[in-house]
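Working notes for the structure below.
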Amino acid sequence: MKLTLKIWKQKNAGSKGRFAKYDLDGVAAEMSFIEMLTYLNQTLIEKGEEPVAFEHDCHEGICGSCGMYINGYPHGHIKGMTTCLLSMRYFKDGDTIVVEPWRAKPFPVIKDLIVDRSAFDKIQAAGGFITVTAGAAPDANSMLVSKRNSDLAFDASICIGCGACVAACKNASAMLFVSAKVSQYALLPQGRPEAKERAKAMIAEMDRQGFGSCSNTGACEAQCPKQIKLFNIARLNREYYKAF
Amino acid sequence: MITLNSKIPGGPLEEKWTRYKANAKLVSPANKKKLDIIVVGTGISGAPAASALGELGYNVKVFCYQDTPRRAHSVAAQGGINAAKNYKNDGDSVYHLFYDIIKGGDFRAREGNVYRIAEVSNQVIDHFTAIGVPFAREYGGTLTTRSFGGVQVSRTFYSRGQTGQQVLLGAYSSLTRQIKEGTVTMYPRREMLDLVVVDGKARGIIVRNLLTGEIERHSAHAVVLATGGYGTIYYLSTLAVNSNASAAWKAYKRGAAFANPSFVQIHPSSVPQMNEFQSKLTLMSESLRNDGRVWVPKTKGDKRPANEIPDEERDYYLERRYPAFGNLVPRDVASRAAKERCDAGYGVGPTGLAVNLDFRDAINKQGKKAIEDKYGNLFEMYKDITGIDSYVEPMRIYPAGHYTMGGLWVDYELMTTIPGLFAVGESNFSDHGANRLGASSLMQGSGDGYFILPYTISNYLAPEIKTPRIKTDIPEFREAEEKAIERIKKLLAIKGKTTATDFHKKLGKIMWDHCGMTRNEAGLTEAISMIRGLRDEFWKDLIVPGRADELNQELEKAGRVADFLELGELMIIDALNRRESCGAHFREESQTADHEALRNDDEFAYVAAWEYNNDQPPILHKEELKFEFVELKQRSYK
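Chains A and B supply the protein sequences, listed in that same order. Per numbering that gives the first Met the number 0, the first sequence starts with residue 0, numbered consecutively. Per numbering that gives the first Met the number 0, the second sequence starts with residue 0, numbered consecutively.
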């Protein structure tokens, strides 16, 4: 199929970006969106033009490297999908596709479609852990966890840190990301000893990094490629109130 | 000239590690602060190593090419992590785990190392559970397990089909805590370009800042490589597309021996290649073979949809050939069996290079919900990629390059032939022999990082406490940096017509065709000259756009492909040298009457460790494998 691509080009954080238009012929329906962009880059390099910078690695929807707005939707319009797994069969011949980097103040653009998501690492470092050092752990079965809580913790823990929740939110809030981590640990007995400090510290760091507040629109849940649920935010709020 | 000394402690198998620890030298907390350790890589060996060393109080510097340590490719490991907990009361023990790994590796690994990893496996599960990894549980609240290939017990702990993600994020969470505490400094978006050796000891690395292109010098008292495997040499593999061999390769060229480079695991179940643009073969976890049955039609070229082929016209060839293990034979055996059926013309799908993995019977018996609980995310991913709903019709799978058992040679202390250079996880060769069993890589990587390296590195560093912080303005650093810059300039100056990706694809095809699932003398010999030709072409016709002093993803790729073009030749040299079949290394000249791998223990019961020899052919050093505790047997899963 033949596509028209409007892709954001920006040299670095300091410079002004713009949309560049590319006509791309020979796109196959079996390609993933990332493979389509790689194919675009091959043609650009062969023509002596500068390729588009974007991030991708595992191509299995698990590393969280990829991420871009595709026609205004983080990771594209298909629910529960990362950009790397988004198949070109969801597009048709003659389509115009607009591709942009995450738009959020805490995620400054590095180049083209690549943004700096290190703010997430800082939030994690603020309290997203259980302080048990290597060698200190008791036997794994010494602590029983109900299957229900364990499964809920798992459902929260599958966040890939891609940043789509922030990109989807009109306030650029990172509440879904923070709530996933806080929920995972809050639901497990191992995580309770530090629960208060964790909720406080992660929220404080989230604010410090410049993420906005949550106004419960649910856009984050709708666009999360791992479909992490909004009720984790309710749990985060509860954990946070309990912390004071 | 290097000498190999494996340093395996004496005594009974079960006492070796205890004895080692009892005799290993310690470093006091006050002195640990003065010692710098570099860790390269943040996967399931690097992140545990870095956090554990940070917890101990060493001054740790960690490097990864990703934007954050959480994205290392261990994150994609699916099926699980083994441990000899025997929670199922099914007769498991440390010895059984040890024996399964030794046998699964076709008796080409060291007894001492393998026993030790089996021993620490239980601590690994305890630790991950304590730091909040949500492993699957029974209704009563205890941890549950499942079975994997090549074993007859249930010892694999798991988090649905994304265990790697869960354990890696657990390790990452501890790593970030140490970063915050200041014992670990994180350097993301850095690629290691060279190792710096001073007076015979590893003392630092040269890295490129991938955002600015700046070349940086970093020094330490010891360097740990946790840089993973080199399966992306096949271009299409189950690995992340940016995974690469460059760090290990640079260490090799600085004097670290490379062991068994030809031992590559071809995983039996990945989504088959669908088109020429494909960049990646996505793994479908081995755990699926717990419930999925592998089959092809009994009639050649049967093009009917799978569901229309009645049972009596299906060939469940794994169950037929291996009644004792059935669909859960080890990976090398399952891969070759699939290739055999497809080569004989029984393959399915548009290309004929695929076999069915069918869940019909399991769904009928256990219900869709039970299958969804166990493998939900895998079924979703398969559907995302292929558009096929495997709850209704079988998955189509085909083997793909996956894991490299070969890697940097290390002794019992996980130290390479360069003093002060350690290699952990997949980047070393140590535990899996000629074939790795499923769910053993997360176990080995995290075991190395959390519970082995911290002891062995202290033994090395104890005499170093008087060595002041290593300066980076010395000639050794300058020389290495200049060499790295020189190569970047050379890559940019070619200004040819062919992209690094195109060269990578060509290399991948040579390797897959001639040094993949099966190998033979003629094919390997031909492949050497093909690779040499391709390498010449690369240095004449490569095109890299952009500059050195900016973010330049094509330049990154070019450097990695340049190294793969050299490593490929070493893999082939090793495969040619080993005129026997063992595990994943299948030499067509060496097989039994029913086409199983035929070992030659008299001539090849050794680790082949290769020493770099500049422009001359590499030098082979043999580490004889002594089996004091197990009897060498022809592997049988029938």
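From the three backbone atoms N, C-alpha and C, an ideal C-beta is built for every residue, glycine too.
Between B:Y449 and B:P47 a beta carbon distance of about 4 Å is seen, short of the 8 Å cut, so the two are scored as contacting. Closer than 8 Å at the C-beta level to chain B, one finds these residues of the stretch 113-127 of chain A: I113, D115, R116, S117, F119, D120, Q123, A124, A125, G127.
For the 7 Å CB-CB criterion, B:G79 and B:A438 form a contact. Looking at the backbone, the Cα of B:P467 and that of B:T416 are separated by about 23 Å. Annotated three-state conformation of B:C581 is strand, per DSSP.
At a cut-off of 7 Å between beta-carbon atoms, A:D111 makes no contact with chain B. The Cβ atoms of B:S445 and B:G227 lie no closer than 7 Å to each other.
Chain-ordered listing is empty here: chain A has no CB closer than 7 Å to the CB of B:E536, the nearest sitting near 16 Å.
By the beta-carbon neighbour count (other beta carbons within 10 angstroms, threshold 16), B:F563 is buried. About 7 Å separates the CB atoms of A:C62 and A:I159; that is less than 8 Å, so the two are in contact. Per DSSP, reduced to three states, the secondary structure at A:D92 is coil, with no helix or strand assignment. The continuous alpha helix (DSSP H) containing B:A361 extends over residues 359-365. For A:P137, the chain B residues whose Cβ falls inside 8 Å of its Cβ are D125, A129, in order along the chain. In the DSSP assignment, B:N208 falls within the beta strand (DSSP E) that extends over 200-208.
Nearest to B:V606 by alpha-carbon distance, out of B:V409, B:K373, B:T184, B:E568, is B:V409.
A Cβ-Cβ contact shorter than 7 Å links A:I33 with A:H55. Look at B:G325 here: in three-state DSSP terms it is helix.
B:D91 and B:K632 have their C-alpha atoms spaced approximately 21 Å apart. If the five residues before and after A:G211 are omitted, its C-beta is found closer than 6 Å to the C-beta atoms of N170, A171, S172, all from its own chain and listed in chain order.
B:G495 and B:F537 have their C-alpha atoms roughly 9 Å apart. Around the C-beta of B:V391, fewer than 16 other C-beta atoms lie within 10 Å, and the residue is accordingly described as exposed. A:I6 and A:A221 have their C-alpha atoms some 24 Å from each other.
DSSP, reduced to helix, strand and coil, places A:K110 within a strand of the structure shown.
The beta-bridge partner set that DSSP reports for B:A258 consists of B:G406, B:A608. Contact with chain A is found for B:M273, since one of that chain's Cβ atoms lies less than 7 Å from the residue's Cβ. In the DSSP assignment, A:W101 falls outside any beta strand (DSSP E), carrying neither H nor E. Cβ contact annotation for B:K364 (same chain, cutoff 7 Å, sequence separation greater than five): none. At the C-beta level, B:K279 and A:H74 stay beyond 7 Å of one another.
Relative to the Cα of A:D206, the nearest Cα in the group A:A155, A:V177, A:F230 belongs to A:V177. In the DSSP assignment, B:I484 falls within the alpha helix (DSSP H) that extends over 474-492.
Nearest in C-alpha terms to B:A23, of all of B:T143, B:A219, B:L460, is B:L460. In summary, the residues of the stretch 231-257 of chain B whose CB is separated from some CB of chain A by less than 9 Å are T237, L238, A239, V240, N241, S242, in the order they occur in the chain.
Of all C-beta pairs linking the stretch 68-87 of chain B to the stretch 252-262 of chain B, fewer than three are shorter than 8 Å, placing the two stretches out of contact. Between A:Q189 and B:G131, the C-beta spacing is below 7 Å. For B:A422, the enclosing beta strand (DSSP E) starts and ends at 420-422. Neighbours of A:K199 in chain B, taken as residues whose beta carbon is under 7 Å from its own, are absent, since the nearest beta carbon is some 15 Å off.
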